[in-house]
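Residue numbers (this note's numbering): 628 to 749.
Now the structure itself:
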């Protein structure tokens with residue numbers, strides 16, 4: 628009689644374990660399907676497109692800032708120069724600074740133009 632109870636207890640434990648694994652696998656499958664659906668919906672979402680555009684513009688601005696820093700440090704590295712070379716270097720640095728600021732202004736104006744186009748549906 629003891630063996631019968633022991634066998635029934637083992638069967639109940641194995642059945643419970645099997646049902647638990649089945650429900651856990653089913654839950655994971657449903658969660659995976661939900662995650663895939665959310666990812667698919669977000670991949671075409673305007674928010675994701677806007678985020679990608681902002682990341683690109685952030686990279687452009689980071690490059691412009693790096694150019695500005697390199698431009699400002701370029702004259703400091705060459706300490707022993709003749710007066711003519713120093714004047715040329717200063718002129719070159721000034722013209723490069725204007726170019727960089729012009730590029731930065733162009734990048735900063737682009738989002739406003741895009742938002743104006745979106746606003747009027749052009």
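Even glycine gets a Cβ: it sits at the ideal position worked out from N, Cα and C.
Using only alpha-carbon positions, find the residue among the options that is nearest to residue i.
i	options	result
residue 732	650, 720, 680 and 692	692
residue 722	694, 637 and 707	694
residue 688	643, 730, 655 and 642	730
residue 696	720, 663, 664 and 641	720
Where does residue i land, buried or exposed, given buried means 16+ other C-beta within 10 angstroms?
i	result
residue 749	Here residue 749 scores only 43 on pLDDT, less than 50, and its place in the model is too uncertain to base an answer on.
For a quick check, are the C-beta atoms of residue i and residue j less than 7 Å apart?
i	j	result
residue 724	residue 698	yes
residue 669	residue 675	yes
* Could you pull out every unbroken alpha helix (DSSP H) segment of at least 4 residues lying fully inside the region 644-693, listed in chain order? => none
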